[in-house]
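In this note's numbering, the protein residues as written are 49 to 490.
What follows is a single structure, written as structure tokens, with notes after it.
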Ligand SMILES: Cc1cc2nc3c(=O)[nH]c(=O)nc-3n(C[C@H](O)[C@H](O)[C@H](O)COP(=O)(O)OP(=O)(O)OC[C@H]3O[C@@H](n4cnc5c(N)ncnc54)[C@H](O)[C@@H]3O)c2cc1C
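Next comes the structure, spelled out in structure tokens:
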């Protein structure tokens with residue numbers, strides 16, 4: 049699983065960049081809750097904004113082991129820079145998998161030449177993205193050329209920071225979500241987009257992810273990617289989870305390194321010995337080292353297997369890696385504060401930020417329970433679980449795929465209705481249908 053010297057060089061280059069330029073800014077971005085714009089600029093100059101763009105289009109075209117190494121390394125210095133780069137890179141994968149040559153030329157060129165960023169917005173007020181890809185944001189043909197989008201998105205990472213947003217929509221008038229899901233690339237300056245800009249959170253503060261409303265937002269006729277329903281059939285959505293795992297492992301590694309350094313250099317009275325001499329501390333550090341090492345191995349094994357894996361297996365690889373990275377990350381970042389002691393709670397110390405950033409790991413889809421459920425179903429050879437873990441294909445007869453926005457209905461009306469009849473219908477239909485939430489999402 050060792051990287052080749054060429055792959056290792058790509059990771060070493062970003063390690064230096066992270067050490068010298070990205071990490072020193074991380075605390076300020078976190079405190080301000082603002083996108084790491086200067087760090088994005090640095091990544092662009094070094095080619096990393098094009099990490100997932102194929103070389104034929106001017107990108108680095110990193111394979112998954114190298115990509116995961118890059119994201120993990122950046123996360124050691126700044127979790128927010130790693131998370132936003134990963135969101136952006138996953139959009140690049142969608143464009144590569146679903147876009148026409150004209151779309152690739154246009155969007156990849158904007159990244160390579162101008163350093164443009166792309167966000168991915170799927171979350172909505174009334175839907176659990178952790179369970180389904182049900183979307184209430186509606187997209188419909190405009191008079192003449194183009195599309196009209198109406199809806200509300202929550203957790204819009206890089207709102208105001210990115211140049212384009214990959215908005216997860218449902219084709220208006222299509223009742224089956226398996227055929228309705230449509231991704232639209234919306235330029236930041238498109239008319240009809242508004243945000244109150246509110247974003248003040250526990251961790252991952254510099255992802256800057258406020259809510260955004262689309263009111264008859266108009267985009268061009270070439271703004272959609274692929275045919276309706278195709279977005280979850282190309283083996284890309286699964287890569288969200290693998291990247292999240294890389295981020296949590298990276299942040300936890302930095303926290304553990306901080307604790308080790310602290311334990312070795314802080315001398316305590318009356319014996320005038322380093323904290324590292326305490327057998328309890330040694331045991332704590334040993335335990336965390338093993339857990340983190342295991343999480344990293346599973347992450348790297350998943351990345352190594354990625355290219356040859358079908359969607360079903362990719363879902364499983366991502367779930368395993370994200371589950372272990374989340375568990376290890378939560379434990380490491382919590383216990384590191386204990387090892388450091390009272391000063392572990394200082395805002396000035398990396399341990400405090402790492403703890404807050406990794407705490408959000410359980411919120412990113414799929415949740416711990418959903419991952420375990422999917423892994424368990426796969427191990428048990430249950431067909432529905434296997435389908436849910438990988439293919440996310442068409443559920444028959446309603447259930448999670450059933451769209452709640454009726455033909456011609458505006459999203460707000462649908463949400464009002466959704467809390468009563470709509471959610472009753474969904475809840476009633478779900479047990480008979482495969483769950484889809486085990487697939488990592490935006
Ligand atoms: C820092 C950060 C950045 C993010 N960035 C993005 C981004 O860029 N793009 C994006 O799209 N999203 C983003 N998200 C959102 C993330 O994807 C969501 O947290 C995720 O979708 C989970 O949704 P939720 O928070 O609504 O929780 P849910 O999954 O809805 O869960 C909330 C609660 O409801 C319960 N629940 C769910 N469904 C049901 C049901 N049917 N019946 C009963 N109970 C139920 C769950 O068990 C849970 O207790 C981000 C989140 C964070 C924290």
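Idealized CB from N, CA, C, for every residue including glycine.
Please read these numbers as outputs of a predicted model, since none were measured by experiment.
In the DSSP output, which residue or residues are listed as bridge partners for residue i?
i, result
"residue 200", "261"
"residue 217", "230"
"residue 212", "166, 235"
"residue 316", "321"
"residue 187", "197, 219"
"residue 266", "196"
"residue 273", "231"
"residue 175", "172"
"residue 385", "Per DSSP, none; premise fails for residue 385."
"residue 241", "262"
Keeping to the same chain, check which residues put their C-beta closer than 8 Å to that of residue i; ignore five residues upstream and five downstream.
i, result
"residue 309", "none"
"residue 54", "none"
Could you work out which residue in the options is closest to residue i when comparing CA atoms only?
i, options, result
"residue 349", "373, 164, 283", "373"
"residue 332", "376, 158, 404, 210", "376"
"residue 82", "54, 152, 245", "245"
"residue 329", "369, 280, 123, 386", "386"
"residue 408", "127, 137, 159", "127"
My guess is that residue i and residue j are in contact by the Cβ rule of under 8 Å, so how many angstroms apart are they, rounded?
i, j, result
"residue 384", "residue 392", "7 Å"
"residue 351", "residue 116", "4 Å"
"residue 283", "residue 227", "19 Å between Cβ atoms; not a contact."
"residue 302", "residue 311", "That pair is no contact at about 15 Å."
"residue 143", "residue 273", "7 Å"
"residue 184", "residue 232", "Wrong, their Cβ atoms sit about 14 Å apart, outside the cutoff."
"residue 295", "residue 123", "4 Å"
"residue 253", "residue 418", "The pair is not a contact, with the Cβ atoms about 25 Å apart (cut-off 8 Å)."
Count the other CB atoms, across all protein chains shown, that sit within 10 Å of the CB of residue i; report buried if there are 16 or more and exposed otherwise.
i, result
"residue 317", "exposed"
"residue 64", "exposed"
"residue 275", "exposed"
"residue 341", "exposed"
"residue 230", "buried"
"residue 438", "Reliability of the predicted coordinates at residue 438 is poor, the pLDDT of 31 falling under 50, and no value is obtained from them."
"residue 248", "exposed"
"residue 186", "buried"
"residue 433", "Because residue 433 carries a pLDDT of 43, less than 50, the predicted location of this residue cannot be relied on, and the following value inherits that uncertainty. It counts as buried."
"residue 239", "exposed"
"residue 57", "exposed"
"residue 68", "exposed"
"residue 265", "buried"
"residue 237", "exposed"
"residue 395", "exposed"
"residue 250", "exposed"
"residue 224", "buried"
Between residue i and the rest of its own chain, which residues show a CB-CB distance below 6 Å, the 5 nearest in sequence each way excluded?
i, result
"residue 177", "170, 171, 413, 489"
"residue 306", "398, 399"
"residue 203", "171, 257"
"residue 423", "367"
"residue 369", "290, 293, 346, 347, 350"
"residue 269", "193, 194"
"residue 263", "240"
Do residue i and ligand 3 come close, with the Cβ less than 6 Å from some heavy atom?
i, result
"residue 413", "Absence of ligand 3 from the depicted structure is noted, with ligand 1 being the only ligands included."
Beta-carbon within less than 7 Å of residue i's beta-carbon, same chain only, minus the 5 sequence neighbours each way: which residues are those?
i, result
"residue 121", "59, 62, 63, 66, 298"
"residue 334", "none"
"residue 403", "381, 382, 385"
Between residue i and chain D, is the shortest Cβ-Cβ distance under 7 Å, so that the two count as touching?
i, result
"residue 121", "The question asks about chain D, but that chain is absent: this structure has only one protein chain."
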